[in-house]
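Top line first, the protein sequences correspond to chains A and B. Each residue of the first sequence is one higher than the last, beginning at 2 in our numbering. Each residue of the second sequence is one higher than the last, beginning at 2 in our numbering. Even for Gly, the Cβ is constructed at its ideal location relative to N, Cα and C. Only a predicted model underlies this, so the values are computations on that prediction, with no experimental measurement involved. Note sheet for the following structure.
Protein chains: 2
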Amino acid sequence: MQLAEAKARFIADWGRFGTNWGINRTMAQIHALLLVSPDPLSAEDVMDQLSISRGNANMNLRELIDWGLVQKVLIPGERKEFFSAEKDIWKVARQIVKERKKRELDQMIPVLRELGEVEGDRRDKAVRTFTETIQNIRKFSEQADRTLDTMIKADEHWFLGSLVKLFGGR
Amino acid sequence: MQLAEAKARFIADWGRFGTNWGINRTMAQIHALLLVSPDPLSAEDVMDQLSISRGNANMNLRELIDWGLVQKVLIPGERKEFFSAEKDIWKVARQIVKERKKRELDQMIPVLRELGEVEGDRRDKAVRTFTETIQNIRKFSEQADRTLDTMIKADEHWFLGSLVKLFGGR
DNA sequence: ATTATCTTTCAATAAATTTTGAAAGTTCAG
DNA sequence: CTGAACTTTCAAAATTTATTGAAAGATAAT
Numbered sequence: 002m003q004l005a006e007a008k009a010r011f012i013a014d015w016g017r018f019g020t021n022w023g024i025n026r027t028m029a030q031i032h033a034l035l036l037v038s039p040d041p042l043s044a045e046d047v048m049d050q051l052s053i054s055r056g057n058a059n060m061n062l063r064e065l066i067d068w069g070l071v072q073k074v075l076i077p078g079e080r081k082e083f084f085s086a087e088k089d090i091w092k093v094a095r096q097i098v099k100e101r102k103k104r105e106l107d108q109m110i111p112v113l114r115e116l117g118e119v120e121g122d123r124r125d126k127a128v129r130t131f132t133e134t135i136q137n138i139r140k141f142s143e144q145a146d147r148t149l150d151t152m153i154k155a156d157e158h159w160f161l162g163s164l165v166k167l168f169g170g171r
Numbered sequence: 002m003q004l005a006e007a008k009a010r011f012i013a014d015w016g017r018f019g020t021n022w023g024i025n026r027t028m029a030q031i032h033a034l035l036l037v038s039p040d041p042l043s044a045e046d047v048m049d050q051l052s053i054s055r056g057n058a059n060m061n062l063r064e065l066i067d068w069g070l071v072q073k074v075l076i077p078g079e080r081k082e083f084f085s086a087e088k089d090i091w092k093v094a095r096q097i098v099k100e101r102k103k104r105e106l107d108q109m110i111p112v113l114r115e116l117g118e119v120e121g122d123r124r125d126k127a128v129r130t131f132t133e134t135i136q137n138i139r140k141f142s143e144q145a146d147r148t149l150d151t152m153i154k155a156d157e158h159w160f161l162g163s164l165v166k167l168f169g170g171r
């Protein structure tokens with residue numbers, strides 16, 4: 002397979018997988034394009050290579066920057082802005098975990114704490130089931146929260162090494 | 002807060018979070034409802050409590066069964082089918098990891114292996130960047146695949162205990 | 001200060017996904 | 001076998017989400 006075809010396939014597939022992860026297709030495609038581009042690209046390059054509109058490119062590039070996956074790059078002598086993606090995949094994974102934790106887990110835990118304190122007769126089966134389930138979800142979430150915090154802080158080598166040792170991967 | 006209100010909030014919130022995870026709102030809401038119901042519910046119960054149509058209830062219940070999160074329960078003397086959700090949240094998490102791994106990681110790895118073998122002049126920067134990035138993503142994915150396999154097999158106690166020890170949780 | 005270049009916004013439009021509900025299918029008691 | 005009880009299907013409709021592109025907003029060179 003030649004580069005052009007492989008690149009097109011990667012962009013299409015990465016876009017498809019992105020949609021399973023709550024990321025929209027175009028955002029994932031732009032990410033894929035930048036991941037495999039040796040040099041930073043302009044908004045125009047992105048528009049051309051993916052056949053998308055200016056507004057769409059702008060919006061999704063901004064979102065990628067929000068997620069900490071893409072950076073604006075200034076090229077001396079150029080008026081335009083250029084964009085480049087973090088290529089170290091471990092850093093990418095850590096960044097995604099960090100953002101999702103912030104957007105999801107950190108929002109859910111306070112809700113679960115509140116719901117876990119529902120009033121009612123503890124002899125009532127419905128109350129008991131509700132309370133127990135919510136408390137279990139809360140405990141699980143709090144444990145996950147602590148685990149992910151440690152992961153986020155850990156450096157790549159330590160993280161990989163520990164997991165390999167722990168889980169016996171090779 | 003009283004049970005009815007807490008239950009409604011939990012269903013709404015769980016539904017909202019579900020959409021971040023590629024799960025549709027209704028499916029997550031049905032899951033939430035079954036999670037906090039002490040006894041199995043019929044399709045009719047689900048339709049009534051969530052105000053959704055018969056077709057919608059049927060379709061999403063089937064999908065929850067596909068995911069291994071809900072089971073059909075036969076109640077002696079009843080003609081209808083009843084449904085109940087796995088309440089052990091560690092089992093739920095493991096089941097979700099297992100299914101997503103199957104649907105996503107296991108599909109992506111063969112693609113990455115193929116794309117990693119793109120032909121071209123290794124002195125060409127574009128070819129080099131492409132190959133290196135894909136290989137890194139592939140290595141990461143293969144490591145994640147092994148790690149998740151071990152997690153899926155591990156029992157809850159071992160898994161929790163190991164993570165606590167490893168990451169210093171309390 | 002003017003103008004050319006580039007970026008952002010956002011209302012309109014298009015596309016994708018979800019939901020409905022009526023009809024068809026199934027199962028089982030009598 | 002018949003019909004009542006229940007489940008499944010699926011085309012149409014509703015809803016949600018993503019995309020476009022033109023206009024407005026910046027920015028910087030001259």
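> Counting only runs that start and end within the segment 16-93 of chain B, where is the alpha helix (DSSP H) found for 4 or more residues in a row?
Replying inline: Qualifying alpha helix (DSSP H) stretches, in chain order: 26-36, 44-51 and 55-67.
> What are the uninterrupted segments assigned as alpha helix (DSSP H) that are 4 or more residues long and contained completely in the segment 90-148 of chain A, given in chain order?
Replying inline: Complete alpha helix (DSSP H) runs here, min 4: 90-101 and 107-116.
>> Would residue 109 of chain B pass as an interface residue toward chain A - the criterion being a Cβ-Cβ separation below 8 Å?
In response: Yes, its Cβ sits closer than 8 Å to a Cβ of chain A.
> Does DSSP classify residue 2 of chain B as helix, strand or coil?
Replying inline: Three-state result, residue 2 of chain B: coil.
> residue 21 of chain B CB to nearest chain A CB: under 8 Å?
Replying inline: So yes, residue 21 of chain B belongs to the interface.
>> When you compare the CB positions of residue 98 of chain A and residue 149 of chain A, do they come within less than 8 Å of one another, or not?
In response: It is a contact, given that the beta carbons lie within the stated cut-off.
> Is it buried or exposed for residue 76 of chain B, if we count other Cβ within 10 angstroms and need 16 for buried?
Replying inline: For residue 76 of chain B, the number of other beta carbons within 10 angstroms of its own is below 16, and it is reported as exposed.
> For the candidate residues A:31, A:70, A:109 and A:50, whose alpha-carbon lies nearest to that of residue 145 of chain A?
Replying inline: The shortest Cα separation from residue 145 of chain A among A:31, A:70, A:109 and A:50 belongs to A:109.
> Mind listing which residues of the segment 42-58 of chain B have their C-beta closer than 9 Å to chain A's C-betas, in chain order?
Replying inline: The segment 42-58 of chain B vs chain A, Cβ under 9 Å: nothing.
> Any contact of the segment 51-60 of chain B with the segment 37-56 of chain A, i.e. 3+ C-beta pairs under 8 Å?
Replying inline: Contact between the segment 51-60 of chain B and the segment 37-56 of chain A is not established, with fewer than three Cβ pairs separated by less than 8 Å.
> Does the beta-carbon distance from residue 71 of chain B to residue 34 of chain B come in below 8 Å?
Replying inline: Note that the C-beta distance between residue 71 of chain B and residue 34 of chain B is not below 8 Å.
> If you draw a straight line from the C-alpha of residue 79 of chain B to the C-alpha of residue 39 of chain B, how long is it?
Replying inline: Using only the alpha carbons, I get a separation of about 18 Å.
>> Considering Cα atoms alone, identify which of B:124, B:67 and B:134 is closest to residue 104 of chain B.
In response: Distances from the CA of residue 104 of chain B to each of B:124, B:67 and B:134 were compared; the closest alpha carbon is that of B:67.
> Of all Cβ atoms in chain A, is any one closer than 8 Å to the Cβ of residue 123 of chain B?
Replying inline: Chain A contact via Cβ: absent.
> Can residue 5 of chain B and residue 15 of chain B be called in contact, C-beta distance under 8 Å?
Replying inline: The answer is no: Cβ separation not under 8 Å.
> How would you list, in chain order, the residues of chain A whose beta-carbon sits under 8 Å from the beta-carbon of residue 137 of chain B?
Replying inline: Result: 88, 89 and 90.
> Counting contacts by CB-CB distance shorter than 8 Å, is residue 64 of chain B in contact with chain A?
Replying inline: Chain A, which has no Cβ nearer than 8 Å to the Cβ of residue 64 of chain B, makes this no.
> Rounded to a whole number of angstroms, what is the C-alpha to C-alpha distance between residue 96 of chain A and residue 18 of chain A?
Replying inline: If you take the alpha carbons of residue 96 of chain A and residue 18 of chain A, they lie about 18 Å apart.
>> Between residue 137 of chain B and residue 90 of chain A, how many whole angstroms is the CB-CB distance? I'm expecting something under 8 Å.
In response: Contact holds; Cβ gap of about 5 Å.
> In three-state DSSP terms, what is residue 9 of chain B?
Replying inline: Residue 9 of chain B: helix per DSSP, three-state reduction.
> Nearest-angstrom Cα distance between residue 26 of chain B and residue 27 of chain A?
Replying inline: If you take the alpha carbons of residue 26 of chain B and residue 27 of chain A, they lie about 22 Å apart.
> Leaving out five residues before and five after residue 151 of chain A in sequence, what residues of the same chain have Cβ atoms less than 8 Å from its Cβ?
Replying inline: Result list for residue 151 of chain A: empty, nothing under 8 Å.
> According to the neighbour-count rule (16 or more other Cβ atoms, all chains shown, within 10 Å of its Cβ), is residue 86 of chain A buried or exposed?
Replying inline: For residue 86 of chain A, the number of other beta carbons within 10 angstroms of its own is at least 16, and it is reported as buried.
> Closer than 8 Å, CB to CB, is residue 102 of chain B near chain A or not?
Replying inline: No, its Cβ sits nowhere closer than 8 Å to a Cβ of chain A.
>> Which same chain residues end up closer than 7 Å to residue 64 of chain A when comparing Cβ atoms and leaving out the 5 residues on each side of it in sequence?
In response: Cβ neighbours of residue 64 of chain A beyond the five flanking positions: 28.
>> Our contact map puts residue 2 of chain A next to residue 120 of chain B with C-beta atoms below 8 Å; I'd like the distance itself, whole angstroms only.
In response: The pair is a contact, with the Cβ atoms about 6 Å apart (cut-off 8 Å).
>> Closest to residue 9 of chain A by C-alpha separation, out of B:143, B:154, B:135 and B:46, would be which residue?
In response: The option with the nearest alpha carbon to residue 9 of chain A is B:135.
>> Counting only Cβ pairs nearer than 8 Å, list the residues of chain B close to residue 141 of chain A.
In response: Going along chain B in sequence order, the residues near residue 141 of chain A (Cβ under 8 Å) are 90, 91 and 94.
>> Going by beta-carbon coordinates alone, are residue 7 of chain B and residue 131 of chain A separated by less than 8 Å?
In response: Against a cut-off of 8 Å, the Cβ pair of residue 131 of chain A and residue 7 of chain B comes out as a contact.
> What's the gap between the Cα of residue 20 of chain B and the Cα of residue 142 of chain A?
Replying inline: Spanning the two alpha carbons is a distance of roughly 18 Å.
> What do you reckon, are the CB atoms on residue 11 of chain A and residue 42 of chain A nearer than 8 Å?
Replying inline: When the beta-carbon positions are compared, residue 11 of chain A and residue 42 of chain A stay at least 8 Å from each other.
> Using a beta-carbon distance below 8 Å, is residue 79 of chain A in contact with chain B?
Replying inline: Residue-level contact by beta carbon fails for residue 79 of chain A and chain B, as no gap is shorter than 8 Å.
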